[in-house]
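Input: a single structure, listed below in structure tokens.
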Amino acid sequence: MATTAGMPGCSVGRVGRYTGDSPMIDIRILRENPELVKANAARRGCRVDIDELYRKDQEYLALTREVEELRAERNRLSDECRTNPDARTRVKELKQVLTDKEQRQTTLKTEIDELLTWLPNFLADDVPDGTSDADNAALRVWGEKPSFSFKPRDHQDIGEQLGIIDTARGAKVAQRGFYYWVGAGAQLTNALFFWAQKELIQRGFTSFLTPCAAKQDTLFGTGYLPFFADQTYQIANENLALIGTSEQTLVGYHADEILTAEQLPFRYTAFTPCFRTEAGSWGKAVRGIFRVHQFHKVEQIVFCLPEKSPECHEMCQANEEYLLQQLGINYRVVKVCVGDMGAPGYKKYDIEAWFAGFDGYREVTSNTNLTDFQARRLNIRFKSEDGRKGFVHTISATAVTDRVVCAILENFQQEDGTVIIPEVLRPYTGFVKIEPPRKK
RNA sequence: GGAGAGGUGGCUGAGUGGUCGAAAGCAACGGUUUGCUAAACCGUCGUACAGGUAACACUGUACCGAGGGUUCGAAUCCCUCCCUCUCCGCCA
4 MATTAGMPGC SVGRVGRYTG DSPMIDIRIL RENPELVKAN AARRGCRVDI DELYRKDQEY
64 LALTREVEEL RAERNRLSDE CRTNPDARTR VKELKQVLTD KEQRQTTLKT EIDELLTWLP
124 NFLADDVPDG TSDADNAALR VWGEKPSFSF KPRDHQDIGE QLGIIDTARG AKVAQRGFYY
184 WVGAGAQLTN ALFFWAQKEL IQRGFTSFLT PCAAKQDTLF GTGYLPFFAD QTYQIANENL
244 ALIGTSEQTL VGYHADEILT AEQLPFRYTA FTPCFRTEAG SWGKAVRGIF RVHQFHKVEQ
304 IVFCLPEKSP ECHEMCQANE EYLLQQLGIN YRVVKVCVGD MGAPGYKKYD IEAWFAGFDG
364 YREVTSNTNL TDFQARRLNI RFKSEDGRKG FVHTISATAV TDRVVCAILE NFQQEDGTVI
424 IPEVLRPYTG FVKIEPPRKK
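Residue 428 in the numbering used here is what sits at position 425 of the first sequence, and the numbering runs on without skipping anything.
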């Protein structure tokens, strides 16, 4: 997805839980090395004026020192009032000066926070330059493309012919962009999701069923606000949105908590629907159910110590690839370039599976190391026995989605119109192939 | 949806205008005693930011759900909001 990062001034209202206590990025980096922040923002297409931010922060710092001194004086005088009534008049005078400065301080803080809200995460050294998915760096390919003695159909055609995908009724009942899995299709999809969770649980993941709605603070904390505000379905009359991914509810799970360092990493998985408005994506990949308003996903989330996040990122990647390998789906791994990565990301891999009907590779999963970006916003810290403290790092990775089912349909279709079920899923489907409905 | 109760430090729980960043207990940490464990006793024990230090120490400010108000001074009084819990009703 193309990034829309960096739209300062595009107000999303009073968004987020951020009250100024946990900077979006470590504000000390801005203070000590504004050029670094500036270069990063520039590379990521973030339009926040870092010079302006720096100036405001400096003014804020100086003003804060003044205000604190004045308050100290006020507190001393207040105390004196108990024995010396004359002090009252002096305090009153002082208060006027103080109030003016405090108001300026509040204004500055608000402005600074608004700017900080839009600052993107830093980038890993090896993130490729580029502006779109065309610039992603191919890393490796696994498996072979299936060969066909006929022209393979895409999942839309297959789904219709087998009667297992119903987009027409999805549109009738909900809207275009919603769909039904029907019969063997629903069974196959359920099988995939159940199997994927089972595999992850065997690798130390804890299984979750999470809320499918989350409040603004949670979306803000996970970085979906303000950066992807137009992607979320807001629930009318509620401070709630439908989740765009269980990442939001799984990472938010530990908001405002201090995790025991020795117990990390925490590995979580959940299966949820994911709701996205896909505003601004009209005309892109509309065929089939590749880009829809509701899809389903088994997610991997990791909370870990900062120095472990690259390792955990690779661990999630290995899990994703393992699942596709077990399914026998040919795929390639790409390292996502700057322009194709969301603002919260530090480093991201996508997996693109082969889609025989589409005759090309298409994104099925993604895996992002967010470093401390979410942890700062959500105030998720760790503490170790030796007293070390800090913000944890989080990894957010797909395990499987409906798109993987689509890849199965396209890659394992047969000339007779049936689809062969990958072996690992057969214990969960109870059948080895999907056959067309009998003609009456 | 109807009725009520309440939000204080890791937990329990005092605290109705200053000496309260906050009693007490528990938990935790350090120590003494002990053949070991337990117990007992002594001590330490919130967070963030700014200043300060080689690093500690230390100093200041803020924080008792959130925001605003009254006051020289607010955990404490007033207003608004949020949240949680209990009971009743309905219900997968």
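Where is the CB? At the ideal position from N, CA and C, for every residue including glycine.
Following a CB-centred definition, is A258 positioned closer than 6 Å to any heavy atom of the ligand PLP?
You won't find the ligand PLP in this model; it holds no ligand whatsoever.
Bounding residues of the beta strand (DSSP E) (the contiguous stretch that carries D29)
No beta strand (DSSP E) contains D29, which DSSP labels as neither H nor E.
Of the choices D343, E310, G283, whose alpha-carbon is the least far from that of T374?
E310
Hey, quick one: how far does the alpha helix (DSSP H) through F197 stretch, first residue to last?
187-205
Around the Cβ of G180, are there at least 16 other Cβ atoms within 10 angstroms (buried) or fewer (exposed)?
buried
Burial state of R441 (16 or more Cβ within 10 Å)
exposed
H158 vs E418 beta-carbon contact at 7 Å
no
Identity of the residue in G390, R384, G360, E366 nearest F153 by Cα:
G360
Since I believe R270 is in contact with V2 (beta carbons under 8 Å), could you give me their beta-carbon distance rounded to a whole number of angstroms?
A query on residue 2 cannot be resolved here, the shown segment of the chain reaching from 4 to 443 and no further.
Would you identify the three-state DSSP class for P430, choosing helix, strand or coil?
helix
Would you kindly work out how many angstroms separate the C-alpha atoms of L39 and L228, rounded to a whole number?
24 Å
List, from N- to C-terminal side, the beta strand (DSSP E) runs of 3 residues or more that fit wholly inside the region 295-368.
297-307, 334-338, 350-358
Hey, would you say N370 sits closer than 7 Å to C319, going by beta carbons?
yes
Based on the DSSP secondary-structure assignment, which residues constitute the bridge partners of Q164?
BP columns for Q164 are empty, so no partner.
Between E324 and G283, what straight-line distance do the alpha-carbon atoms span, to the nearest angstrom?
30 Å
What separation, rounded to the nearest whole angstrom, lies between the Cα atoms of D128 and R34?
22 Å
I354 and V367: beta carbons closer than 7 Å?
yes
Per-residue DSSP class, three states only, for D24
Note that D24 has pLDDT 46, beneath the 50 cutoff, so the model's placement of it is unreliable and the number below is only indicative. If DSSP states are grouped into helix, strand and coil, D24 belongs with coil.
Once DSSP output is grouped into helix, strand and coil, what is the label at T275?
strand
For L56, collect the residues of the same chain with a Cβ closer than 6 Å to its Cβ; drop the 5 residues on either side in sequence, then sort them by chain order.
L118
Beta-carbon proximity list for E76, same chain, < 8 Å, skipping 5 on both sides
L97
Measure the beta-carbon distance from V254 to T109 and round it to whole angstroms, keeping in mind my assumption that it falls under 8 Å.
With 8 Å as the limit, V254 and T109 do not qualify as a contact, their Cβ atoms being about 30 Å apart.
Give the single residue among A90, V337, T225 whose Cα lies nearest to the Cα of G348.
T225
Using DSSP's beta-bridge definition, name the partner residues of L262.
F385
Between the alpha carbons of F434 and L195, how many angstroms are there, rounded?
13 Å
By the three-class DSSP mapping on this structure, what secondary structure does I424 have?
coil
Where are the alpha helix (DSSP H) runs, 4 residues long or more, that stay fully inside the region 215-250, in chain order?
219-224
Measuring CA to CA, which of K350, E260, I204 is closest to Q303?
I204
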